[in-house]
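Just below is one structure, and these are the notes that go with it.
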Amino acid sequence: MSALPTGLVVAAHGRHCLVEADDGSRRICHPRGKKSQAVVGDRVRWSSPPTGQGEEGSIEAVEPRRNLLYRQDEIRTKSFAANLDQVLVLIAAEPEPSEHQLARVLIAAEAAHIAPLVVLNKRDLPEPFARASQRLTPYRAMGYGVHTASLRAEGSAELAPLLQGKATLVLGPSGAGKSTLINQLVPGAAVLTQEISYALKSGKHTTTSTTWYWTDATRTTAVIDSPGFQEFGLHQIAPRQLATLMPDIAAHADQCRFYNCTHLHEPGCAVLAAVGEGGDIAPRRHAIYADLFAELSQPPRY
Ligand SMILES: Nc1nc2c(ncn2[C@@H]2O[C@H](COP(=O)(O)OP(=O)(O)OP(=O)(O)O)[C@@H](O)[C@H]2O)c(=O)[nH]1
Ligand SMILES: [Zn+2]
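Each residue of the sequence shown is one higher than the one before, counting from 1 in UniProt numbering.
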């Protein structure tokens, strides 16, 4: 197996993957068996078909993953991508960002041990921008990198140092400027995506789920475009694990009177004691914690 060439999965749809060889050439491959199911960002061992048996290669094995970002609702698990250096959550002054959604993505990233960073776009809209920026104060305080951008007018150059040499998954709600960002980083991305989805879906024109793009000719910096920000299920996380994945809550959670404190109502809870407008934990953040705790504690309906 180790004699087989390695490749990088740069797009995936259903059971088909587009695999990029080390020389940059790309080929559609399908997995040989269940164990070789790959996601974008996977390094795979693949083989070419014997002459005369079509163009498609096959994925023989998936190399061990450094990490995997995924979401899970009650029924399904959906992978975003593997082997990431960071997740960039792109939100904008308008439409008004949902803090719940932001919190969910950050929790999933923490759970997968992938560094998140937040970019607030549309700095050119002073009033909503100031409001949105203000609402991100707790996130700066808990140590997340919070950056700003004005993608349409000023472009993405100021973000380049954050991305340099890394593989960055870009997630964001509709309208935040994700396509604007990707198209600035990868001129021709839209056309490339069309070609890829056409190839992978044997002729049907629809948007590809997740795509890996190199932003430079030397293939050292990558951005991965993926949909799915809106329905971010966290069912892979146990209710009790939640506090450890929210840095502001985690900072107090080990000082509670009861070792199994849920931080919802217990006496001697250090988390509850820290909640307040001037406190270490913003009331909105604790409300998000409580909502998610309840959601993750629901017995499965299926
Ligand atoms: N005012 C302002 N508008 C921007 C900025 N960046 C992007 N936009 C606009 O915001 C709108 C949404 O941008 P898109 O890049 O299409 O957003 P998206 O996140 O890809 O959204 P979907 O295509 O719905 O997934 C477009 O009309 C952009 O022109 C910015 O810095 N300032
Ligand atoms: Zn507690």
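Note that beta-carbon positions come from the ideal geometry of N, C-alpha and C, so glycine has one too.
Query: Quick test of your reading: D73 and E295, contact by CB under 8 Å. State the CB separation rounded to the nearest angstrom.; Result: 11 Å between Cβ atoms; not a contact.
Query: I need the straight-line Cα distance from A12 to G57, nearest angstrom please.; Result: 14 Å
Query: Provide the residue(s) that pair with residue 305 in DSSP beta bridges, ordered along the chain.; Result: Outside the modelled stretch of the chain, which goes from 1 to 302, sits residue 305, for which no answer is possible.
Query: Give me the DSSP bridge partner(s) of N121.; Result: A92
Query: Counting Cβ pairs, one atom from each stretch, are 3 or more of them under 8 Å apart for the stretch 35-48 and the stretch 233-253?; Result: no
Query: Note down the Cα distance separating A21 from L162, rounded to an integer number of angstroms.; Result: 26 Å
Query: Is it buried or exposed for A153, if we count other Cβ within 10 angstroms and need 16 for buried?; Result: exposed
Query: Measuring straight from C-alpha to C-alpha, what distance separates G7 and A282?; Result: 45 Å
Query: Could you tell me the distance, in whole angstroms, from the CA atom of I91 to the CA atom of L68?; Result: 22 Å
Query: Out of R135, A189, P116, L151, which has the shortest C-alpha to C-alpha gap to Y144?; Result: P116
Query: With a cut-off of 8 Å, do at least 3 Cβ pairs link the stretch 103-121 to the stretch 185-198?; Result: no
Query: My output table needs one value for K78: the three-state DSSP class, helix, strand or coil.; Result: strand
Query: With distances taken Cα to Cα, identify the nearest neighbour of V215 among A253, S209, G172, T168.; Result: Residue identity differs from the one stated: residue 215 is Thr in this sequence, not Val. Here the closest residue by C-alpha is T168.
Query: Count the other CB atoms, across all protein chains shown, that sit within 10 Å of the CB of T211; report buried if there are 16 or more and exposed otherwise.; Result: buried
Query: R257 to V44, Cα distance in whole Å?; Result: 49 Å
Query: Taking the C-alpha atoms as reference points, what is the distance between P97 and P173?; Result: 8 Å
Query: For S150, write down the residues that DSSP places opposite it in a beta bridge.; Result: G155
Query: Give a yes or no on whether the C-beta atoms belonging to A190 and N183 are separated by under 9 Å.; Result: yes
Query: Relative to the alpha-carbon of P49, which residue among P64, V40, H30 has its alpha-carbon at the smallest distance?; Result: H30
Query: Tell me which residues pass a beta-carbon proximity test against ligand 2: closer than 5 Å to any heavy atom, given in chain order.; Result: C256, C261, H263, C269, V271
Query: Just to confirm, does T210 get its C-beta within under 8 Å of one of the non-hydrogen atoms of ligand 1?; Result: no
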